[in-house]
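Enquirer: Residue numbers (this note's numbering): 1169 to 1403.
Glycine included, each C-beta is placed from N, C-alpha and C at the ideal position.
Predicted model only: the values in this text are computed from it and were never measured.
First the structure, then my questions, so here it is.
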């Protein structure tokens, strides 16, 4: 009986100590979890503030350029300012899309390119000339790749809107983005008059090539039945 009681007392003591250790571990875990949650909350607030400030700063720059363009009489200078405004708007849309997605790490490309196409088509008055811009894009990309891809799309789409349908011609511009296991495939294609034998001296194509290199990709221009800018880059 005495031995049994001693064993019971010892077992009770061991069990009690084990429960106390588990309680301490649980409290420590809960404390660490609370600290991590607070840290993540601070990070999210900072992330939101950064995107908000970037978006606002880009809007200020855009407003300044718009005001400047109103006082420029030279057509070439005015066109250059408009190109700059389109590029700034493209970057601003990236941050706006991220900001609206509750701080998601990736940009919703379907939403982004839909807005970009609508904004550029409106700025060039394509609707009045019967030009339709179709967007066939899905998926998402991180900010570091979404920005150069957006700028690349801005150059290709702006070029098509400016040159593919002269004299009020109607037509279609298609923006598409697909991917397989290893590559993204991005295309801006129009069924317009095609690229001239001697391209303009603007920086559009040079910028497209530079942005493609930033994506570690390859670019090509097809002139078959209109013009297509084709870019592939790693997933």
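Count the other C-beta atoms from every protein chain shown that fall within 10 angstroms of the C-beta of residue 1381, then say buried if there are 16 or more, exposed otherwise.
Expert: Per the 10 Å Cβ criterion, exposed.
Enquirer: Using the Cα positions of residue 1396 and residue 1390, report the straight-line distance between them to the nearest angstrom.
Expert: Roughly 5 Å separates the two Cα atoms.
Enquirer: By a C-beta neighbour count over all protein chains shown, 10 Å radius and 16 as the cutoff for buried, is residue 1356 buried or exposed?
Expert: When all chains shown are included, residue 1356 counts as buried.
Enquirer: At which residues does the beta strand (DSSP E) containing residue 1337 begin and terminate?
Expert: Element bounds for residue 1337: n/a, residue is neither H nor E.
Enquirer: In this structure, how does DSSP classify residue 1327 when only helix, strand and coil are distinguished?
Expert: Helix.
Enquirer: Could you tell me if residue 1374 is buried or exposed, where buried requires 16 or more neighbouring beta carbons within 10 angstroms of its beta carbon?
Expert: Answer is exposed; the Cβ neighbour count stays below 16.
Enquirer: If you draw a straight line from the alpha carbon of residue 1404 to that of residue 1188, how long is it in whole angstroms?
Expert: Any answer about residue 1404 is impossible in this case: the structure gives the chain only from 1169 up to 1403.
Enquirer: Just mark residue 1242 as buried or exposed, buried being the case when its beta carbon has 16 or more other beta carbons within 10 Å.
Expert: It counts as exposed.
Enquirer: Am I right that residue 1285 and residue 1343 are in contact with their C-beta atoms under 8 Å? What's the rounded C-beta distance?
Expert: Yes, they are in contact, since the Cβ atoms of residue 1285 and residue 1343 sit about 6 Å apart, within 8 Å.
Enquirer: Look at residue 1222 and residue 1263 and say whether their C-beta atoms are less than 7 Å apart.
Expert: Contact flag set, yes.
Enquirer: Kindly indicate which three-state DSSP category residue 1273 falls into: helix, strand or coil?
Expert: The answer is coil: DSSP assigns residue 1273 none of H, G, I, E or B.
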